[in-house]
Every structure is written in C-alpha cells, then in structure tokens.
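743 is the number that my numbering gives to position 735 of the sequence shown; each next residue is one higher, with no gaps. Read through the structure below, which is laid out as structure tokens, and then see the notes.
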Amino acid sequence: MSALSIAALALAAPLSAQAVTRFDIPAQDARSALMALCLKAGCAFALSTEPGRTYRANTVSGTMAWPEAIKRLLAGTGLRYELSDHASVRVWAEAPTAAPPGAAPRPEEPVGLDEVTITAAFVAGIEDALLQKRRADAIVDAVSAGRIGELPAANLAEALQRVPGVAIEREVGEGQFVSVRGLGPLFQSVTLNGAPVAFNENIRNSTQSGRQFRFRALSADLLAGAVVAKSATADIVDGGIGSNIDIRTVRGLEGPSYLSLRADAHAEVRSGAVSPDLAISGRWRRADDRLGVVAGVSTERREVQYDRFQVSRYRDFAIGGASLTLPEDIRTTVEQEQRARATAFIGVEWRAAPAVTVYLDALASRFDNGIREDRVVYGISDFAAQILAAGDAKFEGRTLVGGRVGAGQISNNLEVSDQIHDNVSASLAMKADAGAWTLEPRFSLSSARSNLDTPLQRIGAVSPLGVSYAFDLGPDLIESRKAPLLSTTFDLTDPAQLTFSRYGVRATHVEDHDATGLIAAARPIDWAVGPLRFDRLRLGGQITDRGRNFQRRDREAEPRPGTIVDADFFDIAAPRAAFDRLVASRPPAWTAADFAAFREHFYLPGEADGVVVDAKDLAPTGADLQGSYKVGERILAAYGRLDFSTTVLGKSATGNIGVRTARTRTEVAGSLQGVSAAGYMDIKPVRYAGSHAVVLPSANLAIALDDDWRLRLAASRSITRPSLADLRSATVPASSLVSILYQRGQAEIDNPSPGTLFSGVGGNPELKPYLATNFDLSLEREFEGFGGVSLAVFHKSIDDFIVVSAQPERLAFATRAGPPVVATVMMSRPRNAGQAHVTGLEAAFSRRFAHGFGVWTSATWVDAASRNEAGQRGRLNGVSRLSYSISPFVERSRLHAHLSWTWRSPFGSEADMQGGGVSSFVVASAGYLDAAGSYDLSPRVSIHIEASNLTDTVEAAYENQRSRPLQIGRSGRSFGLGLRMRL
C-alpha cells in the first residue's frame, strides 16, 4: 500500500511562512521526521512513496522558518517537495534514473521492518487525522483514505461511524444516515470539496428524509476522506447545527503518477450470493509538475437477505372495564435486495501560472437497489375477543404478548421495486494570488435524481376466514431478540388456498438540483488590538439556487380481460432458512406471489399497457397532485473573518472571530383536493413564498498549554433550515386509507373496518429555521511518535425547534364507482413550537504499543431533549445517549490486521409503518464487530480479507416502550477477499 497522507486537505491554519520556530529533529525515517516538523510548526504534509520503500531524513536543529526546515530535512534524500500554500507541503519520491544499457542493476537498500509499519495505511490514516485535528482552526475530526480502505465500509457513513461523536442509522443492515454529537441527520450539513450538494430522497415509502444526505448512494472508493467540523467558522457553508461534513476528493498534483487496481469477491451468508467488486484509479502528472489528472471508476454488487419479525402497530382497547393494548397483527417478512453501486471521478489540477491554480472536479454515482419483500400477516386485534376467550392469552403489563386465534385470517403480500439514485456533482475552482490577496472563486453544479424504475408493486392475497394460529412474543422480545412461537394449522405452501385481493402500483420520481457560486478572498494583515494580533483577513460570499420536484402517482392495477388469478400466480417459494434466529418455533417457508406472472397479466386501464411505468408518464390525478410538491430555495450569504494570535495566561494562542449573514427565500407549490359545489373533485393550487435572514457570529480559540497539550474553546450561532419534506405543501393520507375509501366509499366512513386508520402526514411551508447557540471546549494531546487523546464538552441550545402535531382536517377522496367522499383525518404536520438542548461529552484515544500493536477508540455521551410550548419533554430523533467505537490493530512488516467494535444505545426514528402512515419509534441498542486484514505479497501487490457483522447482530425496534416491540431483524454476516495492486 502507498503511504499517502491526506493531511494537506485540512482547513487552512493561520500560519505564516515567515514565522520562525525552534526545531530539534534527529535523523530518522522521513515520515516520522515530517510528522515531528509539522506538529511543531503547525503545517501539513502529503507524503507519497513507493510501497515498502523508506527514506531517511536529515537532522534539523536551530531556529528558522518551517519552509527552510523542510529544505534542510529533505536535502539529498531522494524526496522532492513543493509548498502548496502558506501552511502545506507535498512530498514525493523522485523517479528513479534509468541505468545505462548493460549496467548492473543497482541493489535496493534494505527495508527495516519498523519503518514499514510506520507507513502502513491504517496507522498513516490515524496520523493524518490527528494532524488535521491539530492544525485546524476549529474543533474537527477526520477520516482519511487509509482508514476508509483498511476497515470494512460499504459506504462513507460506515467509515465515519468510527470518528468521535459520530453515529449512524442503518437501513437493511447498511449505513444510511449520520448523526453527530447527539443531533440527527437533518442537522448535518454535507458538502463536497466545500460546496453544497443536492440530496437523494427516499422513494421506497411515505417516509421522507428531506435534507438528510443519503450516504448509502455514495461508494467510499475514490474518496480522499472527509472532515467533520464540529464547531463553526464564518467561512464554512452554513446549515449544520450538528456538524459540517466535507467530503474530499483526491487532487491531480497531490503526488506522483500511479495506477491502482482492486478486485474483490464479496459473500453474503444469508443470501449465499458471491458478488464482484472492481475499482481502478490513477494519476498522471506532467513532467513539469504544472498539470495533474486523477481519475477512477469503481463498481460493487451485493445480494442481501434481511429477515424481519414484526408488529405493524398497537391498538388500545377497553375490554371488560380494563384498558388493554393489542398488536394489530404479527408479520414475518423476508426482504431480498440486489444492490449495485457505480462511482466515477475525475479531477484536474492545472498550475496555469506560478500564482494561479485551476481545479476541475466531477463525481458521478449510481445506486441501483432492487427489492423484493415477501410478507405473511397474521391478524390479531380484529380477533381480540377470540384471543381473550381462549383463556391462554399472555400479557406483560397491559400489553398482549401471546395468544391463540381460532378463526382468523392470514394475508400473503408481496412488494417489489427497483430504486435508482443518481448523483452528479461538478465544480470549477481557481486559486490565484492578486497582490497581497489570495482569491478562490468556485462554481458548483449538483443534481440528485431518485426514480422507481420498477414502481412499488403491492400485491395482496388472503386466506379463507376461519384459519387458526398462535403467537408468543416472550416476556421481553427486545432483550431476547427471539420470539418463542409463531404457528398455524393453515398450509402456507398451498397456493390454491389463497384469494387475490389487490394490486397497487406507486410510481415516484424526485429531482433535486443545487447551483452554487462561492468566492473567498484572504490576505495577510498586521493589526494589533490590545493583546490580539490579527494576521489574516478572510472575506467571502455564497449564492445558491436549489430546488426539489417530488412527483408521486398511485394506481390500482387490473387484470387483463380474460385473466383469472389462480394458484399459478403464487408459485414462488420463500427462503426456507428465514427467521432461524428470530423465531424459535415457526412455520416452514411459504408460497409467495410470482411477480413476473402478475406483471404480464395486469395493466393500468386507460393509461398504460402494463404496470412498469414512470411517474412522469402518468397524468396526475387529484390525489397525485395532493401528494406531490415543488420546493425552491435561494440563499445569499456573506462573511468576514479575522485570524489572530495572542497569549492567554502566558501561553501562546491562535484563533479566529467572524460573522456570517444569510438570507433565504423559499417558494413552495402544491395542490389540495376538495369537492366542488356540483359534487365533483376540485383541485386547488397551493403556493407559498417567504424569506428569513440570520446573523451567525463565531469565535474559536486554541491555547498551546505546552508542546503536547492544547485547549480549544468555541462559541457560535448556527442554523439548520427545515427539511424540504417538512416545507412541502403536500397532504398525504395513509395509503391504506386511500385504498379502502376508493373501494368502499362512504360506507367505510359510516362504518369503518377494523384497523382502518384515518391518519396522514403533510408539510408546513411557513416553518422557520432551527437556530442554535453553541459552546464547545476540547482538550487535546498528541503522544510522541504516534497517537493522541482528546476530551470535549459541548452544549447546544436550539430555538424554534420543529415538532410534529396531529390535528383533524377534512379531506376529499376519490371512489371507484361513486361521487367523491369527505372524511375527517388526523393529519400530522410539523410546526415551530419548542426548544431543544444537547449537552454531551466526547472522548478519543489512539496509541501504538510494542510489536506493532495499537488501539484507536472513541466514545460519546449525550443528554438531549426537546420541549414544546406546553413544556412537555420530547425525544430528539437520531440521538443515542451513549455510543462508542473500539478498534485494536496490529501492523507488523507485511501483515496488517484490524478489528472494529461499534455500539450505540437506543435512539428515536420514524418510518412508514407498512402503509399506515409515518410513525415514530425507537431503535434498540446494537453493536457490530468488523474485521479486516491484509498481507503484502510484494511492495506493489497485497491480498486483503474483510468480515462485516461478525456478531451476526439482531436489530430491534419498539414503540416508545420496550413492552411494545415492533421489529427484530437480521441481515447476517458478510465476507470479502480481494487483491490490490499499485503500479
């Protein structure tokens, strides 16, 4: 593996090239010497050498400017260097001189084992992160390419989960969203090379993520790393009260030319599938060192199986004067996913003149996720009288956890979809010196497209009435993660016993765009104000135009004339090994719907000769328009920042103060259904335009307590704009309600069927942004040679906190054969109605011990809550009270091995609960053990193995209290084996 440092990607530090420092660096390995020099001077370096090759640096002793120290350190070593800016240097090995014809080959110098371990990618990645943390002008943490590549990570979210203060939310066993310091995904601002990006949206169900960046759509390949800024500076793009996560790509002049190849085979234990992963990347650097091009492509595939044992929701009953809680139903679901990711990147760096550098970057990715969910549903609450009368019902408190239904009904359902998430981002930037000023303009374009190439297909069938079944969730399903019993006398493998009930089709298409212009200008100054000496002035601005177009179409498919849905439509066998760790005694595998047969024999009358359609190809109905929306935002921001140095109680200190102003104009468009005076459906357009302006001051101070210890303090105001989904003008009743009212009309309103939910969700275009006051304190130390320790305390107080409340609304619904009907629906909408606070501790430790052994660990404790206008305490979604990560490693000679254990306590979330509308719930605590190892077959070739989820963790969720379990689920272990080559 190459010893490639990403430290030069850190935020610029207020370091002067003319400042002198006392150096006393003995002759040693070049990487260690550069690390010691930059830790002393506060600079950053990027070092690239041939794998297995070491270079010995010279002794440097005396007081001098750091560029002079670099010159003396590397003179005659075979390493070349180039000052990137006032605080960064790039170092690389000189190309070997070709030997004259016939000359004997020059023997290679011996390679010491200790030096090899120093340049190992994982250790180098930790060193780089510590260096970035030290020289940053705010409180930051980082993850570099070395750490991403050396531990299993399906995407960048899974790499970030090992950063202090970071926790992730998983979807079907894979990292999806990132939370930082107790605040959920909405509160993280994600940028690419410092510029905003567009967001992919959830199109699988009614849950919408709004501004939450879907890390699942982006492969970790081809990335240089990411910097997580936890305290604000005026020049960082606003929007993240929790953090700013800046994803970094590799630069063209960051090192010498190379070509890297990776080929892996990945095996999923649950599905039994083996899939290939391929990646190729390289850099070409012109001989005059003025032009560099870096590019790469990567592809990966996964076939996973996720088993779920579920309760859809709970219902409260008053029976015999007692208040009881019963599950609405019990569900067994096998989800099979076929995931394919492809990422392509190109970066051009051109030094057009000694004082002018031009950067062009483009990143494109596609995440294709084909999903099949086979589900068997056992009705419970509709048969409450039978369960209680049987005399063997089991309760935990007031909640029914076991019983027997003597004459009930079982549903057999199938959901199929194919989600495509496309991301394209491109930016053109320049860095130029104009007199004393350094100018950095940047223009970026970003688009995110999410489409159901195969629309969501919901196919339902039911058993005859009168079948019997029994269930037992056990006394504490969340603790045991295994239900004792689910049984039935009904033959689930006999398709002749099933009666087709419905075929629903939902097509969704979402497009997001972001166009941003940034300008940054900086110059050295020499202003003295009391004890403060200001040495750098930064000014800049931002113009952003972003928007979303969300289109949804819901249809009921009909069989083609002459089609009879018989047993041949249900001839697919569900996996027999499902639920082996979730349910102790369970039915055998069942027969499921054949999607190919249904697709061939059903269509959308009057609209499409089939069921696989795009939303844009269907003319919207009133209900479609009511569920669709457009949101546009225009942001104008400007900032000023001053960097300074001073002394605090005799200790040297540096810092910055600044202010950022931002004005946001929002435009929202949608529709609302009604009934006209003539009794017909009436569609009314809904439009909203509003604006808000904020002033966001910030201050950061870093005090050098001695050569090893630093104390950082920060205070700021920050903003998070409301979720785009919360701003929507859409009104979305529960899909199950829309369906049953379409079938039964006024009869369902007058005499509701058991289990019908008159509920829905919607947005509120008049929402104000979240505004937070933040205080941070961090104590940091680096150990000599390698490693460090840090302890941070943080507090955030958030005003205008957005809560969701339900209010009755009169909504109109279309019916199959009659006039529209109007029903009262409890609509949940967001509103500004409270405050929230987040207070926490964060600790990190890394250390290398004897014989190549070491450890890298972090932990975060958070106390967080919201209060509404009535003073009632609420939960913040995405917040775990405790999370931690422990990663021991050993790197000796050619062998590199790593373990990683990550764990987080329960946290709140929300999702569409099987068509019944979006509901809040709690994800139970869970831990995951990953491992990776590599062996260098030669200086250029290594073999790599990895294992994910070695603990075979069973995930769990519950409805606010553990006595109401909602789900236990399992994705299983996975393993990978691959070859990596660098030429």
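Glycine included, every Cβ here is placed at the ideal spot set by N, Cα and C.
- Taking Y386 as the reference, give the member of S433, E423, S495 with the closest Cα. S495
- Query: Considering only the beta carbon of each residue, do V7 and I665 sit closer than 9 Å?
  - Reply: Missing from the structure shown is residue 7; the chain here goes from 9 to 991 and no further.
- Query: CB-CB under 6 Å to E116, same chain, minus the five flanking residues each way: which ones, in chain order?
  - Reply: Low local confidence applies: a pLDDT of 34 at E116 is under 50, so the model's placement there is unreliable, with the coordinate-based value given in what follows. Answer for E116: no residue qualifies.
- Message: For P492, which residues in the same chain have their Cβ closer than 6 Å to its Cβ, ignoring the five residues on either side in sequence?
- Response: D480, G482, A592
- Report buried or exposed for Q969, applying the criterion of at least 16 other Cβ atoms within 10 angstroms of its Cβ. exposed
- Please report the Cβ distance between E788 and R855, rounded to the nearest whole angstrom; I am assuming they are in contact, meaning their Cβ atoms lie under 8 Å. Contact flag wrong, Cβ pair sits at about 14 Å.
- On the three-state DSSP scale, how would you describe Q313? strand
- Item | L945 versus S979 - alpha carbon distance | 33 Å
- Message: In this structure, how does DSSP classify F857 when only helix, strand and coil are distinguished?
- Response: coil
- State yes or no: is the C-beta of A415 within less than 9 Å of the C-beta of S458? no
- Taking V746 as part of the beta strand (DSSP E), name the residues at either end of that continuous run. No beta strand (DSSP E) contains V746, which is instead part of the alpha helix (DSSP H) from 743-752.
- Task: Count the other CB atoms, across all protein chains shown, that sit within 10 Å of the CB of R972; report buried if there are 16 or more and exposed otherwise.
- Result: buried
- Flag this pair as yes or no: are the beta carbons of L626 and L612 separated by less than 9 Å? yes
- Query: Using DSSP with H/G/I as helix, E/B as strand and the rest coil, what is E116?
  - Reply: Only weak support is given to the placement of E116: the predicted model assigns it a pLDDT of 34, under 50, and the value that follows is read from those uncertain coordinates. E116: coil per DSSP, three-state reduction.
- Message: I'd like to confirm the pairing. Which residues does DSSP put opposite E166 in its beta bridges?
- Response: Note: E166 sits in no beta bridge, so no partner.
- Message: Given this structure, state the Cα-to-Cα distance separating Y778 from A150, to the nearest angstrom.
- Response: 26 Å
- Query: Which runs of the beta strand (DSSP E) spanning at least 3 residues fall entirely within the region 380-441, listed in chain order?
  - Reply: 402-404, 407-416
- Got a sec? Which residues, its chain only, sit under 6 Å from V235 by beta carbon, not counting five neighbours each side? V148, A150, D254
- Query: What are the uninterrupted segments assigned as alpha helix (DSSP H) that are 4 or more residues long and contained completely in the region 73-102, given in chain order?
  - Reply: 74-82
- What did DSSP end up calling G110 once you bin it into helix, strand or coil? Bear in mind that the predicted position of G110 carries a pLDDT of just 39, short of 50, making it unreliable; the figure below should be weighed with that in mind. Reduced to three states, the DSSP call for G110 is coil.
- Does DSSP put G771 in a helix, in a strand, or in coil? coil
- Is the Cβ-Cβ distance between V829 and Q751 less than 9 Å? no
- Item | Endpoints, the alpha helix (DSSP H) within which D734 is located | 732-735
- Task: Could you work out which residue in D37, A52, A582, S767 is closest to S836 when comparing CA atoms only?
- Result: S767
- Message: By the three-class DSSP mapping on this structure, what secondary structure does E179 have?
- Response: strand
- Item | DSSP-derived helix/strand/coil call for G977 | strand
- Task: Tell me, please, which residues DSSP counts as bridged to I33.
- Result: V68
- Taking just the CA atoms, how far does A352 sit from S373? 6 Å
- Give the DSSP-derived three-state secondary structure of A303 in the structure shown. strand
- Would you mind giving the Cβ-Cβ distance between V302 and G355, rounded to the nearest angstrom? I have them listed as a contact below 8 Å. 5 Å
- Task: On the DSSP bridge assignment, give the partners of D871 in chain order.
- Result: T847
- Query: Which residues bound the beta strand (DSSP E) around E519?
  - Reply: 507-537
- Query: Using the beta-carbon count (16 or more within 10 Å), is T127 buried or exposed?
  - Reply: Only weak support is given to the placement of T127: the predicted model assigns it a pLDDT of 35, under 50, and the question is left unresolved by the model.
- Query: In terms of alpha-carbon separation, which member of E448, T823, S251 lies closest to T629?
  - Reply: T823
- Task: Within the same chain, show all residues whose beta-carbon is closer than 6 Å to that of T847, passing over the 5 residues directly before and after it, in chain order.
- Result: H803, D871
- First through last residue of the alpha helix (DSSP H) which encompasses F802: From DSSP, F802 is part of no alpha helix (DSSP H) but of the beta strand (DSSP E) over 796-821.
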